[in-house]
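See structure below.
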Amino acid sequence: MYWAGLMKRRLIQLAATILTNPHAANFLSGKLYRGDLKNFCAPGLNCWSCPAATLSCPIGALQAVGGAGGKFGFYAAGFIILIGLLLGRAVCGFLCPFGLIQELLNKIPSPKFFLPRRLTYVKYFLLIMFVLILPVATKFGEPTFCEYICPAGTLEAGLPLIATHEEFHRVLGKLFALKIFILFAVIIGCVLIHRFFCRVMCPLGAIYGLLNKYSFYQLTCAADKCINCGRCKKICPLDLDPTKELKSAECVRCKRCVEACPVKAID
Ligand code: SF4
Ligand code: SF4
Numbered sequence: 007m008y009w010a011g012l013m014k015r016r017l018i019q020l021a022a023t024i025l026t027n028p029h030a031a032n033f034l035s036g037k038l039y040r041g042d043l044k045n046f047c048a049p050g051l052n053c054w055s056c057p058a059a060t061l062s063c064p065i066g067a068l069q070a071v072g073g074a075g076g077k078f079g080f081y082a083a084g085f086i087i088l089i090g091l092l093l094g095r096a097v098c099g100f101l102c103p104f105g106l107i108q109e110l111l112n113k114i115p116s117p118k119f120f121l122p123r124r125l126t127y128v129k130y131f132l133l134i135m136f137v138l139i140l141p142v143a144t145k146f147g148e149p150t151f152c153e154y155i156c157p158a159g160t161l162e163a164g165l166p167l168i169a170t171h172e173e174f175h176r177v178l179g180k181l182f183a184l185k186i187f188i189l190f191a192v193i194i195g196c197v198l199i200h201r202f203f204c205r206v207m208c209p210l211g212a213i214y215g216l217l218n219k220y221s222f223y224q225l226t227c228a229a230d231k232c233i234n235c236g237r238c239k240k241i242c243p244l245d246l247d248p249t250k251e252l253k254s255a256e257c258v259r260c261k262r263c264v265e266a267c268p269v270k271a272i273d
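This note's numbering applies: residue 7 is where the sequence shown begins, and numbers increase by one.
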């Protein structure tokens, strides 16, 4: 049951990644898809400049509109809020390509570490400062989170484009070195700590997390069925107690606790 559930989720994660990134051949040429579908956002974090991507990244769209003239991106914000109200962080658990990459990185054999809860607040600072305030306030046209921080962009777009475009080599400088450093740190973080980026840095996860409590899709634990065996708490990769914290902003709705519960108390 547990492995069947894990396999099912993995297949959904893979399908979502392939459906939102069908132009994998573009990695060889370094071309970008620029058709009409780029007017729409993917539900998860998926860089606009990734050669394989068909859709836009909602966090990139939110900043790009702001950078294009000091305006707020109501379309992108509305899309994120709508998806968040439907699914909450189930997007992180099932539909986000960068979530899948992080889970695979965590499979690399190494010591695994517990994440102090206070570090999960960093992502709200990054959301407010680098996604909401700076792109609108500076009016430099800079999507600041994408430009200075986003490791998904560096991995999915920066590195493939630099590998295929010699003309980009001369612009490599301190900023690119910073991005590579952040990517490297995030990769190490994800190997050692389950979904390190989602929990500490992801502004999209921060918004979906705030909506977890109110979303249409919910997980619940029936107190009258629970026998307090503790299996769900032991298996939760995000160190939550599913008997009390299923509405937590940190729960990515991976449903491992659902599958681990011997009396089907979580549904
Ligand atoms: S509480 Fe359950 S669904 Fe949420 S992250 Fe933990 S195991 Fe996954
Ligand atoms: S696994 Fe099920 S029965 Fe055991 S503590 Fe969790 S909810 Fe209760």
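No residue lacks a Cβ here, since even glycine has one placed at the ideal position from N, Cα and C.
Just so it is clear, the structure is predicted and the values come from calculations on it, not from any experiment.
- The C-beta separation of Arg262 from Ile241 comes to about 5 Å, placing the pair in contact by the 8 Å criterion.
- The bridge partners DSSP lists for Ile272 are Cys227.
- With 16 or more other Cβ atoms inside 10 Å of its own Cβ, Gly164 counts as buried.
- According to DSSP, residue pairing for Ser254 in a beta bridge does not occur.
- Distance between Pro166 and Arg237, taken at the CA atoms: about 42 Å.
- Straight across, the Cα-Cα distance linking Cys260 with Pro248 is about 11 Å.
- Excluding sequence positions up to five before and after Thr150, its CB lies within less than 7 Å of the CB of Gln69, Phe136, Leu140 and Pro141, all in the same chain and listed in chain order.
- In the displayed model, Cys47 falls within a strand according to three-state DSSP.
- Relative to ligand 1, even the nearest heavy atom lies 7 Å or more away from the CB of Lys37.
- With fewer than 16 neighbouring CB atoms inside 10 Å of its own CB, Cys235 falls in the exposed class.
- When only Cα atoms are considered, Gln224 and Asn218 end up about 8 Å apart.
- Taking non-hydrogen atoms of ligand 2 into account, the C-beta of Pro248 is found less than 7 Å away from one of them.
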